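To start, the structure itself, in structure tokens.
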Amino acid sequence: MKIKFVFGLTVLLIFAGCGNDKKNGNDAPKPSKEELRGSIKQMEDSLKGLQANLSEIKQIPNLTRIELINRLLAFYYNYPEDTYAAECLDKVHMTYSGMNVHEKAVAYADTLLEKYPKYVNRAMILESQGSSYDIFMQPRDSAKVRYFYQMLLNENPSMDKDKRTGIKDRLKNNHLNFDQYIEKKMEEIAKK
């Protein structure tokens with residue numbers, strides 16, 4: 023019963039956002055930051071409820087995730103100067119990654135890196151970009167892999183030593199695709 027309620031609430035929220043309101047286009051008043059943040063929190067709470075019942079519902083509908091993306095982007099487009107806008111782009115990037123829509127995920131991560139160079143989770147975004155271009159993007163773009171991993175190394179001099187060593191080793195073997203690299207590492211471990 024709880025699942026039906028959460029799913030029903032999600033569907034209702036999606037359709038409420040698609041209402042036939044006469045205030046379309048430029049006539050619509052700009053929503054406040056508080057309204058937008060509230061709608062984002064509401065959708066995130068709905069997704070958490072669905073996630074908690076994943077064993078029963080089997081998967082979260084992509085429409086629900088897309089509605090979250092739309093709300094996050096609404097904040098970003100309406101208030102790009104606000105620090106929360108960068109967090110919204112980060113969440114859009116992660117949501118698309120979770121949906122395996124890697125082209126959009128890397129595009130929004132690129133926007134985040136370009137527009138918010140001092141973003142608090144920049145290192146995580148750089149690492150995500152490097153691994154996305156290494157593993158998921160087809161055809162694989164070894165130049166982008168090198169670009170993002172090198173930037174990650176340059177911008178984070180106090181990075182954990184083992185992590186730094188691992189990234190440097192990956193860059194040294196950037197001519198190998200990810201599967202070939204893993205196979206090489208497995209062979210090295212087997213020889214020890």
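Take 23 as the starting number for the sequence shown in the numbering used here and just add one per residue. Where a beta carbon is used, it is the ideal one built from N, C-alpha and C, also for glycine. It should be emphasised that the depicted structure is a prediction, and the values quoted were computed from it without experimental measurement.
Item	Value
Does DSSP put Met159 in a helix, a strand or coil?	coil
Taking Gln202 as part of the alpha helix (DSSP H), name the residues at either end of that continuous run.	Phe200 to Lys213
Is it the case that the Cβ atoms of Ser68 and Arg93 are separated by a distance below 8 Å?	no
DSSP three-state call for His197: helix, strand or coil?	coil
Return the residue from the list Asp112, Ala212 and Pro51 that minimises the CA-CA distance to Leu148.	Asp112
Pull up the distance between the alpha-carbon of Tyr171 and that of Lys183, whole angstroms please.	15 Å
With DSSP as the reference, label Leu94 as helix, strand or coil.	helix
Let me confirm a value: Met208 is counted as buried when at least 16 other C-beta atoms fall within 10 Å, else exposed. Which label applies?	exposed
Quick check on Asp191: does DSSP put it in helix, strand or coil?	helix
What residue does the alpha helix (DSSP H) around Tyr138 start on, and which one ends it?	Per DSSP, Tyr138 belongs to no alpha helix (DSSP H) and is neither H nor E.
Please classify Ala50: does DSSP put it in a helix, a strand, or coil?	coil
Using the C-alpha atoms, what's the distance from Lys206 back to Asn84?	36 Å
Roughly how many whole angstroms lie between the Cα atoms of Val114 and Lys70?	16 Å
Taking DSSP as the reference, what is the three-state secondary structure of Ile62?	helix
Would you mind stating whether Asn178 and Ala145 have Cβ atoms separated by less than 8 Å?	yes
In whole angstroms, give me the CA-to-CA distance for Ile211 and Arg162.	26 Å
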